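Each remark here refers to the structure printed beneath this line.
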Amino acid sequence: MNNKGYLEQTVQFLKPLLEKWQFKYKKEGDGISSGGEFSNGFFENEKIKIGLIYRGDKFGSVNYETNYSNISHDMIIKYLKKEYEQHLFYSEDKFDSFTKNNETIEIALFKDLENIIMPYILETDIEEINKMIKRERKKIGL
3 MNNKGYLEQT
13 VQFLKPLLEK
23 WQFKYKKEGD
33 GISSGGEFSN
43 GFFENEKIKI
53 GLIYRGDKFG
63 SVNYETNYSN
73 ISHDMIIKYL
83 KKEYEQHLFY
93 SEDKFDSFTK
103 NNETIEIALF
113 KDLENIIMPY
123 ILETDIEEIN
133 KMIKRERKKI
143 GL
């Protein structure tokens, strides 16, 4: 399977979960960059986009984007102080996401979305989310 196939597999796995919160999937594109071939897309609702990317068979960093800016999966979980519940992690050295419990990437992301990310997104006003993103990005010099 190639990056397009891996992305499609992940999208199909996540669709039932995210569609219940009115997210729609949009394919962004396929291309080649310094990291090699990639495929990316995002789930979007009126509040936020959830960006997904594969480079070859490697699942990249999940990003959450508002009309203000974006934040990584690991950053938002750290902000929420839920690292002990986290299933999907990102290695900046390897540019690859991974799990620690022998779960698939899809299952790990599904669990994090359902149990950590979406409860926060659904219960929090967009202005508060934007303030959180600004604070967290400032901590790392962005």
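Each residue of the sequence shown is one higher than the last, beginning at 3 in the working numbering. No residue lacks a Cβ here, since even glycine has one placed at the ideal position from N, Cα and C. Owing to the predicted nature of the structure, the values given are computational and were not obtained by experimental measurement.
**the stretch 27 to 38 in contact with the stretch 65 to 80 per 3-pair CB rule at 8 Å** = no
**With 16 other Cβ atoms within 10 Å as the buried cut-off, status of LEU124** = exposed
**Residue span of the alpha helix (DSSP H) that contains GLU10, given as start and end** = 5 to 21
**Asked** From which residue to which residue does the alpha helix (DSSP H) around PHE45 run?
**Response** Run containing PHE45: none in the alpha helix (DSSP H); it sits in the beta strand (DSSP E), 38 to 46.
**Message:** Using C-beta distances below 6 Å, list every residue in its chain close to ASN42, excluding the 5 sequence neighbours before and after it, in chain order.
**Reply:** GLU30 and ILE55
**Request:** State the start and end residues of the unbroken alpha helix (DSSP H) segment that holds PHE97.
**Result:** Per DSSP, PHE97 belongs to no alpha helix (DSSP H) and is neither H nor E.
**Message:** For the structure I just gave you, are there three or more beta carbon pairs, one from the stretch 132 to 141 and one from the stretch 44 to 53, closer than 8 Å?
**Reply:** no
**Endpoints, beta strand (DSSP E) assigned at ILE52** = 51 to 57
**Request:** Would you kindly report the start and end of the unbroken beta strand (DSSP E) that includes ASP32?
**Result:** 26 to 35
**Request:** For LYS49, I'd like the list of residues in its chain whose CB is within less than 8 Å of its CB, leaving aside the five on either flank, ordered along the chain.
**Result:** THR68, ILE123, ILE128 and ILE131
**Request:** Evaluate the contact criterion for the stretch 6 to 18 versus the stretch 93 to 111: three or more CB pairs, one atom per stretch, below 8 Å.
**Result:** yes
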